[in-house]
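Before any comments, here is the structure.
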Amino acid sequence: MAAVNIDSRMLNNLISSIKRWRKPASKGPRVIARNDHSISRREISRAALTVMKRLQDAGYQAYIVGGGVRDLMLGGHPKDFDVATDATPEQAKVLFRGARIVGRRFRILHARIGREVIEVTTFRGHHSDGETHEAKQSEHGMLLRDNVYGDLESDAMRRDFTVNALYYTTKGFEIHDYTGGVEDIEKRLIRMIGSPEVRYKEDPVRMLRAVRFAAKLDFTIEGTTEAPLHELAPLLRNIAPARLFDEILKLLMSGHGERTFELLRQYQLWQHLFPDNAAQIEANNAALKLSQQALRNTDQRIRADMRVTPAFLYAALLWPAVSTEQQKLIAKGTPPAPALAQAAQKVTSSQLAHTAIPKRFSIPMREIWDLQQRLPQRGGSRAQRLQEHPRFRAAYDFLLLREESGEIEAGLGKWWTDFQQADDEQRQQMVRKLQRTGSGGRRNRNSRGRRRKPRAEQ
Ligand code: ATP
Ligand code: MG
1 MAAVNIDSRM
11 LNNLISSIKR
21 WRKPASKGPR
31 VIARNDHSIS
41 RREISRAALT
51 VMKRLQDAGY
61 QAYIVGGGVR
71 DLMLGGHPKD
81 FDVATDATPE
91 QAKVLFRGAR
101 IVGRRFRILH
111 ARIGREVIEV
121 TTFRGHHSDG
131 ETHEAKQSEH
141 GMLLRDNVYG
151 DLESDAMRRD
161 FTVNALYYTT
171 KGFEIHDYTG
181 GVEDIEKRLI
191 RMIGSPEVRY
201 KEDPVRMLRA
211 VRFAAKLDFT
221 IEGTTEAPLH
231 ELAPLLRNIA
241 PARLFDEILK
251 LLMSGHGERT
261 FELLRQYQLW
271 QHLFPDNAAQ
281 IEANNAALKL
291 SQQALRNTDQ
301 RIRADMRVTP
311 AFLYAALLWP
321 AVSTEQQKLI
331 AKGTPPAPAL
341 AQAAQKVTSS
351 QLAHTAIPKR
361 FSIPMREIWD
371 LQQRLPQRGG
381 SRAQRLQEHP
391 RFRAAYDFLL
401 LREESGEIEA
411 GLGKWWTDFQ
421 QADDEQRQQM
431 VRKLQRTGSG
441 GRRNRNSRGR
451 RRKPRAEQ
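In structure tokens, the structure reads:
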């Protein structure tokens with residue numbers, strides 16, 4: 001008897017053709033032919049092309065999808081390319097040496113080609129199709145797991161916005177558009193696929209993504225996509241703080257932070273991300289200016305290819321609350337230094353309930369705050385030693401920001417600017433002058449303290 005050799009892929013194909021047969025005939029995609037769009041394969045990374053080719057050679061479909069296609073159509077340079085395929089993660093894994101399956105909510109394959117990692121996702125399906133794989137929903141309608149596989153069309157319907165659901169294939173070099181994404185790119189609109197309310201409930205982070213893409217691409221959020229934002233904003237409280245932290249970085253540290261901040265406030269999403277900041281900027285104009293200026297500086301640094309750190313940004317966003325809390329404690333008789341430490345502790349732990357802050361950022365954040373207390377104290381050898389503190393540069397930049405925002409009077413920042421530019425002799429004179437005018441803070445009782453070699457500016 002001849003062995004019947006059906007592998008799981010054939011079985012999947014069989015199941016999906018039966019499902020297709022049961023479903024009403026779809027209109028099919030709008031196909032944009034090679035000559036009618038501006039994407040050229042030369043703009044796609046070699047790694048992404050390799051991944052597509054290897055999948056296709058093994059008999060699977062493979063498309064570039066998401067931000068890569070969207071940004072190319074807008075004439076930008078995508079930061080990465082994602083590939084969608086009908087191969088399951090396990091089927092795709094064997095095609096790439098050292099590939100790893102990651103994720104739980106969405107299982108995806110990380111295929112490594114040279115130094116580049118390409119994310120390979122299996123076409124998602126509609127949940128009603130989920131006999132063989134799993135999808136799980138919480139009581140709020142939130143998707144906890146979404147590993148129901150499907151075909152290209154159902155995959156398009158499971159994506160968030162129409163502009164993110166365009167598929168490019170090197171077979172014929174066409175773009176396949178199931179949701180009107182090409183038209184929305186032309187109209188510069190962020191439009192949710194399906195019912196915005198249902199899709200936000202499935203995954204509230206989509207609210208943040210709508211704002212992120214609107215700010216980044218300078219698009220408008222289409223009316224029905226925008227309408228539920230207000231009401232559903234509190235659902236952000238159900239998102240794990242670690243995921244929100246990742247999302248905050250994409251929102252605020254991708255070069256469009258100031259605009260994103262404005263939109264997040266406009267849609268009342270901000271108060272669910274940074275409640276202490278939201279309360280402060282309501283009440284106090286310097287707090288608003290400090291937040292805006294910190295984000296503007298971050299945007300400018302990113303554009304200039306300079307290093308940015310979440311520690312600095314978090315320090316700025318939370319400082320008004322820390323400072324207010326510190327003043328309260330001082331008024332009750334706590335000395336300034338312990339008052340600052342207590343205030344920092346309180347505000348940090350309240351923020352942690354909303355967005356995680358990994359230790360590698362929260363420690364420098366608190367050092368930046370701590371140094372604000374020490375920057376006025378420049379007597380004896382203090383100024384010299386402070387300048388050698390690994391966090392001095394960030395703390396000095398932060399001080400300038402506070403002055404610019406009007407939180408404190410200008411003057412100390414200028415002193416530190418001059419001090420950094422001065423030679424040894426001039427520095428000694430600057431410090432002596434302070435002592436004469438009595439404005440150098442407490443006298444340094446430990447002037448024999450450690451003397452380290454001045455380190456290069458950071
Ligand atoms: P970026 O340029 O920021 O990388 P992107 O569009 O590529 O933008 P990713 O977060 O990399 O965004 O996601 C890749 C694609 O996966 C998206 O374009 C979208 O089609 C889909 N996607 C991502 N997150 C979601 C989500 N929460 N809900 C539905 N679809 C999503
Ligand atoms: Mg991407």
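Every letter in the sequence shown is one number past the one before it in this note's numbering, and letter 38, counting from 1, is 38. Beta carbons: idealized from backbone N, C-alpha and C, even for Gly. All figures in this text were calculated on a predicted structure; none of them were measured in a lab.
Residue i to residue j, Cα distance in whole Å?
| i | j | result |
| --- | --- | --- |
| Tyr63 | Trp416 | 55 Å |
| Gly438 | Phe245 | 44 Å |
| Gly59 | Ala33 | 23 Å |
| Ala287 | Gln91 | 53 Å |
| Asp423 | Gln384 | 11 Å |
| Ser254 | Asp299 | 7 Å |
| Glu131 | Pro204 | Because the pLDDT of Glu131 is 44, which lies under 50, any placement of that residue in the model is unreliable, and the number read from its coordinates should be weighed accordingly. Those two C-alpha atoms are separated by around 26 Å. |
| Arg303 | Ala316 | 20 Å |
| Glu325 | Ile185 | 46 Å |
| Gly141 | His126 | 15 Å |
| Glu247 | Ile239 | 11 Å |
| Glu460 | Leu249 | Absent from the structure is residue 460, since the part of the chain shown begins at 1 and ends at 458. |
| Ala87 | Gly114 | 22 Å |
| His230 | Pro241 | 21 Å |
| Lys136 | Leu399 | 48 Å |
| Arg307 | Arg301 | 7 Å |
| Val163 | Arg70 | 6 Å |
| Arg112 | Ile118 | 6 Å |
| His77 | Arg382 | 48 Å |
| Glu116 | Asp80 | 9 Å |
| Phe392 | Leu371 | 8 Å |
| Trp319 | Ala395 | 12 Å |
| Arg436 | Gln428 | 12 Å |
| Glu407 | Gly380 | 27 Å |
| His256 | Asp218 | 10 Å |
| Leu236 | Tyr267 | 13 Å |
When the distance is taken between beta carbons, is residue j closer than 9 Å to residue i?
| i | j | result |
| --- | --- | --- |
| Lys289 | Glu404 | yes |
| Gly150 | Ala165 | no |
| Leu95 | Arg54 | yes |
| Arg378 | Val431 | yes |
| Leu269 | Leu208 | yes |
| Gln271 | Ala283 | no |
| Leu412 | Leu375 | yes |
| Pro29 | Tyr168 | no |
| Arg199 | Asp160 | yes |
| Leu340 | Gln373 | yes |
| Thr309 | Pro390 | no |
| Arg188 | Thr220 | yes |
| Leu143 | Arg105 | yes |
| Tyr314 | Ser349 | no |
| Asp276 | Val347 | yes |
Taking the beta carbon of residue i as the centre, do at least 16 other beta carbons fall within 10 Å, making it buried, or is it exposed?
| i | result |
| --- | --- |
| Val322 | buried |
| Gly66 | buried |
| Glu425 | exposed |
| Asn297 | buried |
| Asp177 | buried |
| Lys201 | buried |
| Asn285 | exposed |
| Glu139 | exposed |
| Pro335 | exposed |
| Glu409 | exposed |
| Val83 | buried |
| Arg360 | exposed |
| Pro338 | exposed |
| Gln421 | exposed |
Which residue wins for smallest C-alpha separation from residue i, given the options the options?
| i | options | result |
| --- | --- | --- |
| Trp369 | Arg382, Arg393, Ser349 and Ala344 | Ala344 |
| Ile357 | Arg382, Pro335, Ala311 and Glu409 | Ala311 |
| Thr85 | Glu116, Glu153, Ser38 and Phe392 | Glu153 |
| Arg158 | Lys187, Glu183, Tyr168 and Thr121 | Thr121 |
| Arg97 | His110, Phe274 and Thr309 | His110 |
| Ala353 | Gly333, Phe274 and Met306 | Phe274 |
| Asn147 | Glu116, Ile101 and Leu252 | Ile101 |
| Ala233 | Arg265, Gly406, Ala410 and Glu409 | Arg265 |
| Ala227 | Pro196, Ala337, Leu252 and Gln293 | Pro196 |
| Gly103 | Leu313, Gln351, Ser349 and Arg243 | Arg243 |
| Ile44 | Leu251, Gly75, Gly333 and His256 | Gly75 |
| Gln476 | Ser362, Leu252, Asp276 and Asp305 | Here the chain covers residues 1 to 458 and nothing more, so residue 476 does not appear. |
Notebook entry, point to check: Per the contact definition of three or more C-beta pairs closer than 8 Å, is the segment 34-50 in contact with the segment 188-202?
Noted result: no
Item checked: Touching by the beta-carbon criterion (3+ pairs, under 8 Å), the segment 210-222 and the segment 250-266 -> yes
Note to self: Under 8 Å, with one C-beta from each stretch per pair, do the segment 169-184 and the segment 33-44 reach the 3-pair mark?
What the structure shows: yes
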